[in-house]
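Start counting the sequence shown at 490; every next residue gets the next number (our numbering). From the three backbone atoms N, C-alpha and C, an ideal C-beta is built for every residue, glycine too.
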Amino acid sequence: MAKLSDVRFLKSEADPAKLGPCRAEIAFVGRSNVGKSSLLNALCGSEVARVSRTPGRTRTINVFLVGPERWLVDLPGYGFARGPKEEVAGWGPMIDAYLALRRGIRMVFALVDAEVGPTPLDLAMVRWLKYRNLPYRIVATKSDQVKPSRFEAQKRDVALALGVPPETISWVSSRSGAGIRALAGEASAILEKAP
Ligand SMILES: Nc1nc2c(ncn2[C@@H]2O[C@H](COP(=O)(O)OP(=O)(O)OP(=O)(O)O)[C@@H](O)[C@H]2O)c(=O)[nH]1
Ligand SMILES: [Mg+2]
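In structure tokens form, the structure reads like this:
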């Protein structure tokens with residue numbers, strides 16, 4: 490019913506209140522440039538979502554259809570400087586309203602950079618997801634950037650910084666493909682299970 494490889498772009502929307510109904514959706518949140526769009530593409534084995542070196546590539550809520558009323562939702566990133574002085578302090582009203590309004594959210598993939606670890610804003614986002622009672626999974630991205638000799642220690646450190654058991658974090662690389670198959674399996678299972 491939900492087949493990630495059948496992905497197609499559905500719509501782009503700036504106002505979460507106008508997104509329309511959906512039975513089950515998985516949202517991708519994280520800092521700008523952390524690899525949200527790349528991960529969505531890797532999970533689907535497709536290039537549907539736009540990727541860029543420049544932070545701030547995704548500026549609206551981009552919805553991808555993977556089954557009848559089954560969505561993957563690529564959100565704009567938070568925490569990048571838009572102007573010389575203007576550092577974006579939070580994740581902005583668009584992401585806020587999206588997470589608050591959508592009843593169909595079955596999972597939030599909360600992305601953190603595997604090498605950098607969680608930033609203060611990442612920690613605030615995770616606290617907020619907990620506060621909202623939203624189901625979430627921490628996904629450590631760009632794991633190819635972590636030195637193999639450092640990998641085990643990094644897994645421990647990132648889990649410690651986030652205050653979660655290490656085994657609950659998915660370590661993935663959209664570049665090397667590490668961890669992608671397992672996470673894709675999880676994503677389709679979540680979307681299948683929804684009524
Ligand atoms: N080394 C490495 N680079 C990656 C990986 N995934 C993404 N990137 C690179 O990181 C940059 C940002 O990727 P995006 O997928 O556009 O990131 P995003 O989180 O969607 O960014 P915004 O839309 O700006 O919020 C691009 O240059 C990607 O090629 C990965 O697994 N490994
Ligand atoms: Mg993006």
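Segment contact: the segment 624-635 against the segment 663-673, three or more CB-CB distances shorter than 8 Å; contact assigned. Taken through DSSP and simplified to helix, strand or coil, Val615 comes out as helix.
For Tyr587, no beta strand (DSSP E) run applies; the uninterrupted alpha helix (DSSP H) run containing it begins and ends at 581-590, by DSSP. Among the bridge pairs identified by DSSP, Arg559 is matched with Ala513, Gly556. Excluding five sequence positions before and after Ile584, the CB atoms of its chain that fall closer than 6 Å to its own CB belong to Leu564, given in chain order. Taking all protein chains shown into account, Asp495 has fewer than 16 neighbouring C-beta atoms within 10 Å of its C-beta and is therefore exposed. In the DSSP annotation of this structure, the continuous segment of the alpha helix (DSSP H) that includes Val647 starts and ends at 640-651. By the CB criterion at 8 Å, Ala683 and Leu493 fall outside the cutoff.
In chain order, Gly606 place their CB closer than 7 Å to the CB of Asp646, counting only its own chain and leaving out the 5 sequence neighbours on each side. In this structure, Gly534 is the residue among Gly534, Lys525, Glu514, Asp504 with its C-alpha nearest to the C-alpha of Arg670. In the DSSP assignment, Ala678 falls outside any beta strand (DSSP E) and within the unbroken alpha helix (DSSP H) covering 669-682. DSSP lists Phe553 as the bridge partner or partners of Phe498. Annotation for Ser677: Ala491, Leu493 place their beta carbon closer than 6 Å to its own, counting only its chain and skipping 5 residues before and after.
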